[in-house]
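Have a look at the structure below, then the notes.
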Ligand code: SF4
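Residue numbers (our numbering): 5 to 242.
Below you can see the structure in the form of structure tokens.
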């Protein structure tokens with residue numbers, strides 16, 4: 005199903021509502037990992053909207069992140085589908101290259117096994133997914149649309165739509181919403197972490213640093229996508 009054409013900017017709540025009503029139940033889902041994604045789950049709950057939620061467990065997440073997932077599951081009384089990588093592919097990677105090959109070889113190879121493989125399998129069963137991406141998160145996201153065709157995972161005979169309801173929101177607006185609505189958040193945020201991914205690839209930042217500075221800090225800014233949103237990178241460097 006192609007993205008529906010819309011005119012003008014819509015509120016995140018509108019984008020979310022339109023997205024969920026546009027696709028049959030079970031064919032659209034929220035991808036959950038960070039603060040923005042819980043805002044989306046909260047907005048859906050506040051509007052009485054039912055939507056599937058999935059998350060990627062790479063096997064390398066912080067303990068705080070696992071506790072956060074559980075807190076969200078209980079807080080909203082929802083099921084969260086936990087996607088895990090193919091154990092054979094993980095075994096082959098770590099046997100051949102060790103547990104920290106991304107520091108030398110870049111993150112793409114490990115992310116491909118631990119994130120992209122499980123996500124690709126999941127998206128084969130969906131027509132659309134909803135993400136918490138924002139334009140000001142990264143130089144790779146400055147052209148981010150509220151609704152777009154997913155050029156990374158669509159195929160000739162299966163179009164996948166990606167909704168980014170928070171594309172125009174700032175980090176300040178996200179946290180304003182979280183505080184105002186008592187939305188659960190990852191306790192690592194209280195320790196200086198802003199953008200949170202896997203434990204070996206995420207670190208706390210100082211107030212003067214950009215929020216993505218704590219992710220893959222040994223790599224170029226323009227390459228800071230893990231493949232989930234690879235089309236963003238193509239727009240910058242292609
Ligand atoms: S973020 Fe780091 S540990 Fe996680 S999948 Fe990517 S390279 Fe591997």
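Don't be surprised by glycine CBs; every beta carbon is placed ideally from N, CA and C.
Judged by DSSP secondary structure, residue 70 falls outside any beta strand (DSSP E) and instead within the alpha helix (DSSP H) spanning 67-80.
Between residue 168 and residue 141 the beta-carbon gap is near 10 Å, outside 8 Å, which marks them as no contact.
The alpha carbon of residue 87 has as its nearest neighbour, out of 81, 117, 209, 79, the alpha carbon of 117. At a Cβ-Cβ threshold of 8 Å, residue 148 and residue 155 do not count as neighbours. Boundaries of the alpha helix (DSSP H) around residue 107: 106-109. Restricting attention to alpha helix (DSSP H) runs no shorter than 4 residues, the region 126-190 encloses them at 175-184, ordered along the chain. Nearest neighbour of residue 34 by Cα position, chosen from 20, 26, 28, turns out to be 20. At a threshold of 7 Å, residue 183 does not count as near the ligand SF4, since its beta carbon sits no closer than that to any of the ligand's heavy atoms. With a cutoff of 7 Å, residue 157 does not count as near the ligand SF4, since its C-beta is closer than that to no heavy atom of the ligand.
Shown in chain order are the residues whose CB sits closer than 6 Å to a heavy atom of the ligand SF4: 62, 64, 106, 111, 114, 115, 118, 119, 201, 202, 204, 205, 230. The residue from 130, 79, 17, 218 with its alpha-carbon nearest to that of residue 53 is 17.
Take the alpha-carbon of residue 67 and the one of residue 27: they are about 34 Å apart. Per DSSP, reduced to three states, the secondary structure at residue 210 is coil, with no helix or strand assignment. The beta carbon of residue 132 lies closer than 6 Å to those of 27, 32, 165 in the same chain, with the five residues before and after it left out.
Residue 134 is a Cβ neighbour of residue 44, given a cutoff of 8 Å.
The DSSP-derived three-state label of residue 33 is strand. Here the C-alpha atom of residue 23 lies approximately 42 Å from the C-alpha atom of residue 100.
Residue 99 has no beta-bridge partner at all, per DSSP.
In the three-state reduction of the DSSP assignment, residue 14 falls in the coil class. Taking 8 Å as the cut-off, the beta carbon of residue 59 is found closer than this to the beta carbon of residue 36. Around the CB of residue 40, 16 or more other CB atoms lie within 10 Å, so the residue is classed as buried. When the beta-carbon positions are compared, residue 123 and residue 232 come within less than 8 Å of each other.
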